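Have a look at the structure below, then the notes.
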């Protein structure tokens, strides 16, 4: 929950070389509805005292997905259920598929919030869902759980044993009870080679409330965001004490770990250096830290690239659209360890609108290629919230949303989800249309229409050469004014 962030579908394969005109062909895909009726729509917990918070009961946002390494047909996706306009949701839900994403018959949840069964009355909201598997096929789900005032915050982890149906009672990795600290934007990663090893990262910083005016974020000189780390080496029986990973004179957000084939850990994040988070030259970067001892020690931050600030807006009205902003995502080629990083960036156009940037490293994260724009959106069209994954054959894939099908109707904002893939390390791309157009203006409003700070993209199939997009779309004309969005999945063969 970063404080700083703001039809019938067709698949359209498009041969792309950056800067060249696309050649179109058409095939069909079938999005699968994942989410269903909320079990907590009537829950009254979580209202912020005195400020008239709005709960979008029935609406789902911010999904993530992971594939069981012991059975690629077993997939678990997680998402926020019943989003609040000023941060978090009634709870986090999980959906399980046992046929590679064709159906999602099993819904479950961990006790991360009072609506979802927590006995800790402080945790009336939950946010930032993330899920992973260990080498034995046990699943781990992580949550940011917090009070309605956002003074109390905690990072909680729950385990679903292989073949099980019930998530364990959550383990607390950290808990802060004063407003000076707020834990945020956690993620969790199972080690694909070390049995029983799972890693959790997040930032612990000084934050205003989620309802703070956007412009006020850039006026603060007191921001610090220490990246934090905890791990289990025994399959979740115990977790190490939470420790800081770097000098505190930085502000990190969006920490996420990937594991290289040689066992090296790479933590990616957006980094604001010095005092506060005011954008300035060389001030905001996309960066990584590297660990060669399973997280016991970390390198100093290594810059991937400067980040050029951008704010995704409705092209008709100028109103903000809340997206992934500069939050990075990363994925690793399992054959040779090449790391691919993607994020939104405003540096590819004179007006600094949002485009999708891609950079890669072939030396374990120490040196990175110059970022390139990879979205094929027409000139001037904003593209946002990219996710990246790499198949077993080295094919790189990215999903993102854009506004290329917008119309002159200022009361709607048609939005589409796209999939691009490259079989040559990013030298050229093929594009497919995944879903849309749908009206993003009808999405739950949280400092602007909000589908999530991220989406899900995973590799699946018997040979791990298919991709599964796990995403949110809003409804053009919601039958229920609060139930405005759902989670869908699409399996894509590149």
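In our numbering, the protein residues as written are 29 to 522.
Glycine included, each C-beta is placed from N, C-alpha and C at the ideal position.
This structure is a prediction, so every number in the text was calculated from the model and none was measured.
Taking residue 456 as reference, the option from 470, 147, 190, 403 with the minimal CA-CA separation is 403. In this structure, the alpha-carbon of residue 287 lies about 30 Å from that of residue 141. Leaving aside the five residues that flank residue 74 on each side, the residues in its chain whose CB is nearer than 6 Å to its CB run, in chain order, 152, 153, 176. Rounded to whole angstroms, the gap between the alpha carbons of residue 120 and residue 137 is 6 Å.
Pairing residue 322 with residue 229, the inter-Cα distance amounts to about 13 Å. Burial of residue 107 is indicated by the presence of at least 16 other C-beta atoms within 10 angstroms of its C-beta. Judged by beta-carbon spacing, residue 78 lies beyond the 8 Å limit of residue 103, meaning their Cβ atoms are not closer than that value. In the structure shown, residue 469 adopts helical secondary structure according to DSSP, grouped into three states.
When only Cα atoms are considered, residue 146 and residue 201 end up about 16 Å apart.
Counting every other CB atom within 10 Å of its CB across the protein chains shown gives residue 208 a total below 16, marking it as exposed.
If you check the CB distance, residue 290 and residue 224 do not come in under 8 Å.
By the Cβ test, the stretch 386-395 is not in contact with the stretch 337-352, since fewer than three Cβ pairs between them sit closer than 8 Å. From the listed residues 266, 253, 258, 263, the smallest Cα separation to residue 277 is found for 253.
A check of alpha carbon separations from residue 117 across 68, 197, 158 identifies 68 as the nearest. In the DSSP annotation of this structure, residue 273 is not part of any beta strand (DSSP E), being labelled neither H nor E. The continuous stretches of beta strand (DSSP E) do not include residue 348, and DSSP gives it neither H nor E. By alpha-carbon distance to residue 363, the top candidate from 215, 419, 148 is 419. Distance between residue 188 and residue 258, taken at the CA atoms: about 19 Å.
Between the alpha carbons of residue 185 and residue 64 lies a gap of roughly 24 Å. In the assembly as shown, residue 461 is a buried residue. Its beta-carbon has 16 or more other beta-carbons within 10 Å. Closest by C-alpha distance to residue 368, out of 157, 343, 424, 163, is 424.
With the rule of 3 Cβ pairs closer than 8 Å, the stretch 368-386 does not count as touching the stretch 499-509. Ranked by how close their Cα comes to the Cα of residue 114, the residues 281, 356, 81, 481 have 81 in first place. Assignment of residue 503 by DSSP, reduced to helix, strand and coil, places it in the coil class. Residue 213 and residue 89 have their C-alpha atoms spaced approximately 15 Å apart.
By alpha-carbon distance to residue 522, the top candidate from 513, 487, 134, 506 is 487. The straight-line gap separating the alpha-carbon atoms of residue 299 and residue 132 is approximately 37 Å. Within the stretch 140-219, no run of alpha helix (DSSP H) at least 4 residues long lies entirely inside it.
In this structure, the alpha-carbon of residue 283 lies about 9 Å from that of residue 355. Comparing alpha carbon positions, the residue from 61, 60, 416, 85 closest to residue 72 is 85.
With a beta-carbon spacing of about 7 Å, residue 159 and residue 122 fall inside the 8 Å limit used to define contacts. In the three-state scheme derived from DSSP, where H, G and I count as helix and E and B as strand, residue 254 is classed as strand. Shown here for residue 361: same chain residues with a beta carbon closer than 6 Å to its own, the five before and five after excluded, namely 418, 422 in chain order.
The Cβ atoms of residue 520 and residue 490 do not sit closer than 8 Å to each other.
Residue 428 places its beta carbon less than 8 Å from that of residue 384. As DSSP reads the structure, residue 442 sits in a beta bridge with 467.
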